[in-house]
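Trainee: Protein sequence lines, in the order shown, are assigned to chains A and B.
Quick note: the first sequence, position 337, residue 374 per our numbering, numbers continuous.
Quick note: the second sequence, position 49, residue 86 per our numbering, numbers continuous.
Where a beta carbon is used, it is the ideal one built from N, C-alpha and C, also for glycine.
Number of protein chains: 2
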Amino acid sequence: MGKYILPKGFLASGVHCGIKRFKKDLALIYSKAGCKAVGIFTKNKVRAAPLIVSKSILKKGKPIRAIIINSGNANCCTGWYGVRDAKRMISGVCDNLKLKFNNVQVSSTGIIGKRLPIDLIEEGIPKLVKSLSEKGLKSAASAILTTDKKIKVGIEKFKIGRKEATISGIVKGAGMIHPNMATMLSFIVTDAKIDKDALKVALKEACDRSFNSISIDGDMSTNDTVILLANGLANNMTIKRKTKEYKAFSKALKNVTFKLAKNIVEDGEGATKFVSVYVENAKRTRDAYRVARSVANSCLVKTSIHGENPNWGRVAATVGSSGAEGIKQNKFEIYLDGICVFKGGKFTMPSKEKFYKIYKRKNVEIAVNLNSGKKDARIWTCDLSKRYVEINSHYMT
Amino acid sequence: MGKYILPKGFLASGVHCGIKRFKKDLALIYSKAGCKAVGIFTKNKVRAAPLIVSKSILKKGKPIRAIIINSGNANCCTGWYGVRDAKRMISGVCDNLKLKFNNVQVSSTGIIGKRLPIDLIEEGIPKLVKSLSEKGLKSAASAILTTDKKIKVGIEKFKIGRKEATISGIVKGAGMIHPNMATMLSFIVTDAKIDKDALKVALKEACDRSFNSISIDGDMSTNDTVILLANGLANNMTIKRKTKEYKAFSKALKNVTFKLAKNIVEDGEGATKFVSVYVENAKRTRDAYRVARSVANSCLVKTSIHGENPNWGRVAATVGSSGAEGIKQNKFEIYLDGICVFKGGKFTMPSKEKFYKIYKRKNVEIAVNLNSGKKDARIWTCDLSKRYVEINSHYMT
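1. Measure from the alpha carbon of Gly109 of chain B to the alpha carbon of each residue in B:Asn292, B:Pro87, B:Ser145, then state which is nearest.
2. When the cut-off is 8 Å and only beta carbons count, does Cys419 of chain B lie next to chain A?
3. Starting from Thr259 of chain A, find everything on chain B with Cβ-Cβ shorter than 7 Å and list it in chain order.
4. Would you report the Cα separation of Arg321 of chain A and His53 of chain A, rounded to the nearest angstrom?
5. I'd like to know whether the C-beta of Thr183 of chain B is nearer than 8 Å to at least one C-beta of chain A.
6. Per DSSP, what are the beta-bridge partners of Ile181 of chain A in this structure?
7. For Glu160 of chain A, count neighbouring C-beta atoms within 10 Å of its own C-beta (all shown protein chains included) and say buried if the count is 16 or more, exposed if not.
8. Does chain A have any CB closer than 8 Å to the CB of His343 of chain B?
9. Should Gly173 of chain B and Cys114 of chain B be called a contact, given that it needs their Cβ atoms to be closer than 8 Å?
10. Examine chain A for any beta-carbon lying closer than 8 Å to the beta-carbon of Ile364 of chain B, and answer yes or no.
11. Report the option in A:Ala64, A:Gly198, A:Thr294, A:Ala85 whose CA atom is closest to the CA atom of Cys244 of chain A.
12. How far does the beta strand (DSSP E) with Lys73 of chain A in it reach, from first residue to last?
13. Please state the DSSP three-state secondary structure of Arg424 of chain A.
14. For a contact meaning CB atoms closer than 8 Å, what does Arg84 of chain A contact in chain B?
15. Express the C-alpha separation of Thr259 of chain B and Glu201 of chain B in angstroms, rounding to a whole number.
16. At the level of alpha carbons, what is the spacing between Leu63 of chain A and Ile105 of chain A?
17. State the Cα-Cα distance for the pair Gly363 of chain B and Tyr372 of chain B, rounded to the nearest angstrom.
18. Going by the CB atoms, is the gap between Lys423 of chain B and Glu427 of chain A shorter than 8 Å?
19. Alpha carbon to alpha carbon, how far is Lys277 of chain B from Thr434 of chain A? Give it in angstroms, no decimals.
20. Give the interface partners of Asn81 of chain B over in chain A, defined as CB-CB distance under 7 Å, in chain order.
21. Please report whether the beta-carbon of Glu160 of chain A lies at a distance below 8 Å from any beta-carbon of chain B.
22. Please decide whether Lys57 of chain B counts as near chain A, where near means a Cβ-Cβ distance under 8 Å.
23. Quick one: Cα of Gly410 of chain A to Cα of Lys397 of chain B, how far?
24. For Ala333 of chain B and Val328 of chain A, I'd like the C-alpha separation in whole angstroms.
25. Below 8 Å on the Cβ atoms is my guess for Asp232 of chain A versus Leu270 of chain A; work out the distance and round it to an integer in Å.
26. In whole angstroms, give me the CA-to-CA distance for Leu236 of chain A and Ala70 of chain A.
27. Can you check whether the C-beta of Glu427 of chain B is within less than 8 Å of a C-beta belonging to chain A?
28. Got a sec: is the Cβ-Cβ distance from Lys96 of chain A to anything in chain B below 8 Å?
29. Which residues in chain B sit within 7 Å of Cys244 of chain A, going by Cβ to Cβ distance?
30. What residues in its chain sit with their C-beta under 8 Å from that of Leu169 of chain A, if we drop five residues either side in the sequence?
31. Would you mind sorting Lys310 of chain B into buried or exposed? The rule is 16 or more other CB atoms within 10 Å of its CB.
32. At 7 Å on the CB atoms, spell out the chain B contacts of Lys399 of chain A, in chain order.
33. For Ala298 of chain B, I'd like the list of residues in its chain whose CB is within less than 6 Å of its CB, leaving aside the five on either flank, ordered along the chain.
34. One question on the structure: do Pro44 of chain A and Thr203 of chain A come within less than 8 Å of each other, judged by their Cβ atoms?
35. Give the range of the alpha helix (DSSP H) segment to which Ser284 of chain B is assigned.
36. Interface residues of chain A around Ser430 of chain B at Cβ under 7 Å?
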């Protein structure tokens, strides 16, 4: 099965049902056994219908057996119809797989405010179910994409005692990516047997330093969803919190979300550079994030990176206007691609040779040392290109 | 004197001293009589040297007679030299105009982190002083510009009793404009005789709904300064707060700052559209501003306006993610160019004819009715164009 393996007992598929013109637009993930399931959803006050439906099903705590996802239409701001259509997607899966309503999750991404072409989806579900396969992860990963250029898959194998377990995840991202999760759908499945409480904490920890630490353009979407399913078929002793086994699970999960998050930024709309913003030695973690996000979201910083123009002044100005506490002009330092450019309130005047190496590579690094405490933060983002403006001038949500 | 008149007793000039290659880069405003002076400065924690110097002089409360301004170099992040160079600019004016150090203000805009070519400035001051003229406002207005395309001048005449008074203002803006004032210098002069306390309040009120209510790209600069001088030569009875005369003064001042702020947005880097964002019926004023700023700073909203693509979904998503209190998906309404597109949690489906008129004109309007209180806010901004990316990829601060 090579690169795109699924954990034991999971099948997946992706087909074209007609929401989009040519590309795959309907995906299914299925487990032969009931799964413990946890999810994280957007904090946007405007929420898409499938998200409302999925969240309420998760609350009931029944074992989850399947997730159905469509791309090309977000089923958001669609009023009463939206909820009904999301439920019809679930019912379609139930009919074809002999499942109960509360065993299924539903998710959508794409244009906002247009009714879902639910008939097309319902007609597509039998084919979708028939295509289910242990090799279907790649198809599913491609069926959830919108403006993404590439599929994004993360897989980790790890040991729990003598048993081997697998975590496989897929994600769609591209524009609108922002801390607190935006236009991002991620579905992660594992055959590890794990306590639900442990599963929840592991997902939160993994998201905080991955999906919640990236930013493309500072906007936050209405459909963001991360769902994690664990079917227990690895047959290990149930993992509980604060054990050695939990650590192994948590580490593997972090590796998966880390890779997926990185892939999202690399695939950011119009992105030509991958930018890591590090903030060190802040008084509080929130101050560190505040500075990191200000820098990562600054259009002026992002365009200067695009132009390979080491404009440290814009970084300094953004640090100063971030609103974080403990910022003192004479105290903080800025390093661009490892070269100190700002210290003691002024430009350090590095050699021309060094200075003109800054921002030249595909991977760019901005580090800010606040020298006022011990907390740190990291945000990944990309540059702001003319291509970004081009894509987003014309795409209808 | 036509369009560019100065109030009684004021002279101005603008010359080229060599900071920039060809364009004017040094400006002077002079009053024959001592002025009451008030100022508003950036909230950025990184502050340029001239700003530190000017602020400390203002604090002393001596009558102000002159303001010297250079463009092309911000004298920011220049350490100990920066303060000395700013003081040398003042001393140059003092020597040539027989003034004392505490009678002069200094201001700079342009590249960050490079030492000011103070010798060139000192050599230019005699010529600058010689050029002082009642007709010099236009020259001064052009000498303070950086990436601005046009000079920006606002003038109001008004009556105080039987006396006529004038308020004349100039501003430089372009990129980085943001609420709380960013890369913006404005110098406003009046011959009205007014109590200092009243002058201070009038400036704050005027700035709140003008310079502090605009946004180009969400960044905040290190040099932002508004200085208002009143020399009293109109010879009216001194204006005090809460009088009819104060109202007339305040109104005229607001008209000036209003016009200057509007000009800044119209001249925003790469701007092709002028965008007004109105938020009505919020619970608190801060919620109204929070929503208005979120919409005005959203790259996705701004690119969709650039593409004349009435993507109301992005506006709805931004309202939802603004973090303002009292946002309910089913309660707020969105109007684009006066056409209701979102109500009751969904797209209102206006006629195609109406819908495709949206965003087509140069002046675009986004109105959000939160239906949860009585407070409102307005932010002016512009679209986000490929030209913006072009300009800012290459400009060194």
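Mentor: Result, derived from the coordinates:
1. The shortest Cα separation from Gly109 of chain B among B:Asn292, B:Pro87, B:Ser145 belongs to B:Ser145.
2. By the rule that beta-carbons nearer than 8 Å mark a contact, Cys419 of chain B does not touch chain A.
3. Those are Ala354, Gly357, listed as they occur along chain B.
4. Taking C-alpha positions only, Arg321 of chain A is separated from His53 of chain A by approximately 48 Å.
5. No, Thr183 of chain B does not count as interfacial toward chain A.
6. Under DSSP, Ile181 of chain A forms no beta bridge with any residue.
7. Exposed: under 16 other Cβ atoms inside 10 Å.
8. His343 of chain B counts as touching chain A.
9. At a Cβ-Cβ threshold of 8 Å, Gly173 of chain B and Cys114 of chain B do not count as neighbours.
10. At a cut-off of 8 Å, the C-beta of Ile364 of chain B has a neighbouring C-beta in chain A.
11. Looking at the Cα atoms, A:Thr294 is the closest of the given residues.
12. Note, Lys73 of chain A: beta strand (DSSP E), 63-78.
13. Helix at Arg424 of chain A.
14. Taking the beta carbon of Arg84 of chain A as reference, the chain B residues within 8 Å of it are Gly357, Gln366, listed in sequence order.
15. Those two C-alpha atoms are separated by around 37 Å.
16. When rounded, the separation of the alpha-carbon atoms in Leu63 of chain A and Ile105 of chain A is 7 Å.
17. When rounded, the separation of the alpha-carbon atoms in Gly363 of chain B and Tyr372 of chain B is 19 Å.
18. Cβ distance < 8 Å, so Glu427 of chain A and Lys423 of chain B count as in contact.
19. Here Thr434 of chain A scores only 41 on pLDDT, less than 50, and its place in the model should not be relied on; the value that follows carries that caveat. In this model, Thr434 of chain A and Lys277 of chain B are separated by some 53 Å (Cα to Cα).
20. For the C-beta of Asn81 of chain B, the chain A residues within less than 7 Å are, from N- to C-terminus, Ala354, Gly357, Ser358.
21. Put simply, the CB of Glu160 of chain A is far from chain B, with every gap to its CB atoms at 8 Å or more.
22. Judged by the 8 Å Cβ criterion, Lys57 of chain B is not in contact with chain A.
23. Rounded to the nearest angstrom, the two C-alpha atoms are 51 Å apart.
24. Approximately 21 Å between the Cα atoms of the pair.
25. The pair is not a contact, with the Cβ atoms about 16 Å apart (cut-off 8 Å).
26. As the crow flies, the alpha-carbon of Leu236 of chain A is around 17 Å from that of Ala70 of chain A.
27. Yes, its Cβ sits closer than 8 Å to a Cβ of chain A.
28. Among the residues facing chain B, Lys96 of chain A is not included, as its CB has no counterpart in that chain under 8 Å away.
29. By Cβ distance, chain B contributes nothing, its closest Cβ being about 17 Å from Cys244 of chain A, past 7 Å.
30. Only Leu48, Ala49, Ser50, Leu65, Tyr67 meet the Cβ criterion.
31. Under a 10 Å Cβ-count criterion, Lys310 of chain B is classified as buried, with 16 or more other Cβ atoms of the shown protein chains found around its own Cβ.
32. What Lys399 of chain A touches in chain B: nothing, since even the nearest Cβ is about 16 Å away.
33. The beta carbon of Ala298 of chain B sits closer than 6 Å to the beta carbons of Ser247, Phe248, Ile251 from its chain, once the five residues preceding and following it are set aside; these are given in chain order.
34. With respect to Thr203 of chain A, Pro44 of chain A sits close: the two C-beta atoms are nearer than 8 Å.
35. Rather than Ser, the amino acid found at residue 284 of chain B in this sequence is Lys. Its alpha helix (DSSP H) spans residues 281-303.
36. Thr340, Ser341, His343, Gly344, Asn346, listed in chain order.
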